[in-house]
Structures are given as structure tokens and as C-alpha cells.
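**Student:** Residue numbers (the numbering used here): 205 to 618.
Shown below is the structure under consideration.
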Ligand code: TGC
């Protein structure tokens, strides 16, 4: 016997298939806390910050550091899904959350701005993950608690000026000088290059290895880039010129032989790409919600815009894209929590979710009035700008196409 189709009061336009009910309990708790944080601490200010007015902070670094401290204090979110974090926090009460819960937090962060999600995912998914997986006990004890609490900031240096898509063509080197290592090279497009510790990938005589380089080390400098997108965040170039670091800076754990050792930095990228798959759903939701509410209240030709067929076509299209991306994120979370996720799954999800979110943001910009092009009136224009970066970074749309293409055909087209 089949169950009958119920007539509901009205389907929720922000959660059409009721997918929020599918979240595990820890994800609901984390979601609510992240939502509240964003509502109080970020949304009232984000348009101003994006415009470049960072008051009461004197500069971008101060602003990012204070935001990270708040995230640490109020949410304890950094690295929260790392299984062994409690051991390094010396906190028997600490319970790691599921990857789904972490993903949902990234969605709520990116609902506000991609730079907020980027701050969290570079700190947690790239940097803390790298230290947790490839670091020594000493490195973990020293850095994981500080990074978890947002008292210190980390960044992750892989990309180089000759091209981000082919990290195997790395020019940065680390060579031995007695017991020490000496770094030479340049990294670009690094979120929060002012960080207290940079995880830097370099070619050694034994293959590609990661190093922890502390702020202030002689021979290490950074410079921030001016940009017209991701404006509430910092992207930097890192320069290493005969930068001598102690032997203890090396991340000692290796899982692959030389020649196969790109797998270590790529495994960190997989974690960050996972955050993106969730995050962009938040940005798309923000755009759709704004376009929907505006269309319902804005009168054009004597009726609400939402009464026009063309508007409904676009709104339904956005809704469909978002629900689709949300289902993919949910499935991805379940695969990750079950320990059955492959980087190829993440690639298809990034390919899908980012492209759909970009299209939703573009449609929202079309549906909103012309002052969507100002900094102050709407949020969708900012998301539209930000999402183009998300499409390009952490593996371009084209790179993810070819990763999936290789997976299904067995042929490498890079
Ligand atoms: P390939 O032969 O495919 O792989 C070499 C080994 O690595 C394994 N592997 C991965 N493992 C975990 N996660 C992944 N995502 C992995 N991808 C590959 C692979 O299985 C293999 O191991 P084994 O044992 O099977 O041999 O290597 P390839 O040189 O052919 O590279 C392929 C390609 C193009 C997919 C890879 O290079 C790639 O993903 N390129 C894009 C790189 C990228 O996303 N760059 C952006 C970095 S963002 C940044 O640096 C700034 S940090 C972010 C910020 O600050 O905001």
C-alpha cells in the first residue's frame, strides 16, 4: 500500500524538500549556533567591511584576528571535526562533531560571506588538518589548541606564480644546511598570509614535503594583494629568500614515497574543497532569499514583481539549483562520516555546487534592482563577485571536470 500524498499548508520556500530534517542532531546544534553568530556578529557589518570600512579595526589583519578569536570563543568551531583534537586540548569533555555538522557550519558562514567560510576552512580544513595528519606530537601539542581557539592564525602555501592547477611543477625548494632547512621560492593567493604560522610545501631532495614557518622568521615576508572580490578577506603572496628554519619545522609524517608525495598537500585540499561544497549552498541561499523577498514586495506595473511569470521562472530555477546542491552536500557529508568518501566524489560536488551557486547569484543580480551594483543595498552582488573566486580556487572548475573525467574514463586528460 502506498502512502497518500499529503496536502501541506505550504511548502517552505527556503527548505523545499525538508532537507534540514535529514541533518544529524549535532549538525542541527552547530547550524543553529553558527547561524546566530553570523546574524549577530557578521551580517550587520559585512557590507561595510566589503566596502573597505573596517572600523573599529585599524587594518585587515586586526579585523581577521578579532573575527577568528570570536569564532574560537563563541563557537569553538576551528578543527571541531578532527577526531583527536580533544587529546591536544587536554579536554576530556571535548567531542568532535560529524563532518556533516562541520559542513553545515560552513554553509551558514558562507550565507554571510565567502571570506568568512574561507577563514574557517583555511584554519581548520587546510592547516589544522595538515598538522593533525602530518605533524609531530610536539607540533600538534603546540599549534592545535592555539588554532582551535582562534588565538593564532595559520595559512597554507601551495600555489605558485607559474600556475595553481599544476602543483607538481613546484619551484619552491627546501634544502639542507646542517640540521636546518633553507627555503627559497614564492607562494601566491594565500588566504591570511600574515599568519602566525604558514604551512609551506616545498621540493626537497626526498620529494615534496610540508614545513611550519613561523611569522617573523628572517627571510620570510608577505604582501597582500588588492582585489575587487573577496574584499573582506586577505590574499597574500609569501616570499622565502634563504629562509632558514629548524629541523623541527618539517612535518615528519609521510604516507607516500617520493614522486607520489603530492598526495599529502592534495589530501588537505580535499578537506577544504569539502567545506566549499557546503559553503556555496549558503551563498546561493542568501541570493535566492533576497531575490524572492524583494520580488514579493517590489511593485512593478502595479503588481508585485513576484506575480510576473519571468520572475517565477527565475526563482524556481534558483530553488531547484539550491535544493539539488544541498542534496549533493548532504550525501557528501554522509559519505565522509561513513569513511567512504573519495577525492573524486568531492571534485564532482565542487564542480556541481559551485557552478550552480554562481548561476543562482547571477540570476539574483538580474532579478534585483540596479542598486544591486552598489555596496550597500543588497548582498547578492557581493556573493556574485565572491563566487567567481570560489569557482577558480581550490581546483578550478576545469580541473574538477578532468578529475571526474579521469575517474569515469580511466584516461588522464591533464
Ligand atoms: P595525481 O597523479 O592525480 O595524484 C598524485 C597522488 O595524489 C593523490 N591525489 C589525491 N589525494 C587526496 N586528495 C586529492 N584531492 C588528490 N588528488 C590526487 C593521487 O591518488 C596520487 O596518489 P597515488 O598514490 O594514487 O599515486 O597528480 P597530478 O600531478 O596528475 O595532479 C592532478 C591534479 C591536477 C588533479 C592536481 O594537481 C590538482 O588537484 N590540481 C589543482 C590544485 C589546486 O587545487 N590548487 C589550488 C590550491 S589553493 C592554495 O594553494 C592556496 S590555499 C587556499 C587559500 O589560502 O585560500
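Note that CB positions come from ideal geometry on N, CA and C, so glycine has one too.
#1: Measure the C-alpha to C-alpha separation of residue 578 and residue 324 and round it to an integer number of angstroms.
#2: I want to check one thing, is the minimum distance from the CB of residue 443 to the heavy atoms of the ligand TGC below 7 Å?
#3: Taking residue 479 and residue 307 to be in contact with their CB atoms under 8 Å, please state how far apart those CB atoms are, rounded to whole angstroms.
#4: So, helix, strand or coil for residue 280, using DSSP?
#5: Measuring only from the beta carbon, is residue 292 closer than 7 Å to any heavy atom that is part of the ligand TGC?
#6: For residue 447, which residues of its own chain have a beta-carbon under 8 Å away from its beta-carbon, when the five flanking residues on both sides are left out?
#7: Is residue 393 a contact residue of the ligand TGC, with contact defined as CB to any heavy atom under 7 Å?
#8: Alpha carbon to alpha carbon, how far is residue 326 from residue 280?
#9: For residue 496 and residue 489, what's the separation of their Cα atoms in angstroms?
#10: Look at the Cβ atom of residue 494, then the Cβ atom of residue 574, and state whether they are nearer than 8 Å.
#11: For a test of the three-state rule: what should DSSP assign to residue 524, helix, strand or coil?
#12: For the beta strand (DSSP E) holding residue 146, just list the boundary residues, first then last.
#13: What three-state label does DSSP hand residue 302 in the structure shown?
#14: Less than 8 Å between the C-beta atoms of residue 492 and residue 522, yes or no?
#15: Quick one: using the 10 Å Cβ neighbour count with 16 as the cut-off for buried, is residue 524 buried or exposed?
#16: At what residues does the alpha helix (DSSP H) containing residue 347 begin and finish?
#17: When you compare the CB positions of residue 526 and residue 564, do they come within less than 8 Å of one another, or not?
#18: Any heavy atom of the ligand TGC inside 7 Å of the beta-carbon of residue 313?
#19: At a cut-off of 7 Å, would you count residue 389 as near the ligand TGC, judging by its Cβ distance to the nearest heavy atom?
#20: Between 482, 366 and 473, which lies nearest to residue 318 when the distance is taken from Cα to Cα?
#21: Does the beta-carbon of residue 360, which I'm using as the reference point, lie nearer than 7 Å to any heavy atom of the ligand TGC?
#22: Please classify residue 598 as buried or exposed, where buried requires at least 16 neighbouring CB atoms within 10 angstroms.
#23: For residue 336 versus residue 258, is the C-beta spacing smaller than 8 Å?
#24: Would a C-beta distance cut-off of 8 Å place residue 628 and residue 428 closer than the cut-off?
#25: Consult DSSP for residue 222 and reduce its assignment to one of helix, strand or coil.
#26: Could you check if residue 598 belongs to the surroundings of the ligand TGC, using beta carbon to heavy atom distance under 7 Å?
#27: Can you give me the Cβ contacts of residue 551 inside the same chain, cut-off strictly under 6 Å, excluding the 5 residues immediately before and after it?
#28: Grouping DSSP H, G and I as helix and E and B as strand, with all else coil, what is residue 438?
#29: Using 10 angstroms around the beta-carbon of residue 520, count the other beta-carbons present and answer buried if the total reaches 16, otherwise exposed.
#30: As a quick exercise: from 502, 508 and 334, pick the residue whose alpha carbon is nearest that of residue 458.
#31: Closest by CA to residue 403, which one among 411, 472, 299 and 461?
#32: Taking DSSP's pairing of strands, which residues face residue 406 in a bridge?
#33: Give a single yes or no on whether residue 607 has its beta carbon closer than 7 Å to a heavy atom of the ligand TGC.
#34: Rounded to whole angstroms, what is the Cα-Cα separation between residue 243 and residue 249?
#35: With DSSP as the reference, label residue 245 as helix, strand or coil.
#36: Just the Cα atoms here: how many angstroms apart are residue 291 and residue 410?
**Tutor:** On the basis of the coordinates in this document:
#1: 27 Å
#2: Not one heavy atom of the ligand TGC lies closer than 7 Å to the C-beta of residue 443.
#3: 7 Å
#4: coil
#5: no
#6: 386, 387, 388, 417, 421, 422, 423 and 424
#7: yes
#8: 15 Å
#9: 10 Å
#10: no
#11: In the structure shown, residue 524 sits in a helix (DSSP, three-state: H, G or I).
#12: The structure shown does not extend to residue 146, since the chain spans only 205 to 618, so no value can be given for it.
#13: coil
#14: yes
#15: exposed
#16: 341-352
#17: yes
#18: Outside the cutoff, so no.
#19: no
#20: 482
#21: yes
#22: buried
#23: no
#24: Outside the shown range of the chain (205 to 618) lies residue 628, about which nothing can therefore be said.
#25: In the displayed model, residue 222 falls within coil according to three-state DSSP, outside both helix and strand.
#26: At least one heavy atom of the ligand TGC is nearer than 7 Å to the Cβ of residue 598, so yes.
#27: Answer for residue 551: 604, 607 and 608, listed in chain order.
#28: Coil at residue 438, not helix or strand.
#29: exposed
#30: 334
#31: Among 411, 472, 299 and 461, the Cα nearest to that of residue 403 is on 472.
#32: 413
#33: Within the chosen limit of 7 Å, the ligand TGC reaches the beta carbon of residue 607 through at least one heavy atom.
#34: Cα to Cα, residue 243 sits roughly 10 Å from residue 249.
#35: helix
#36: In this structure, the CA atom of residue 291 is about 31 Å from the CA atom of residue 410.
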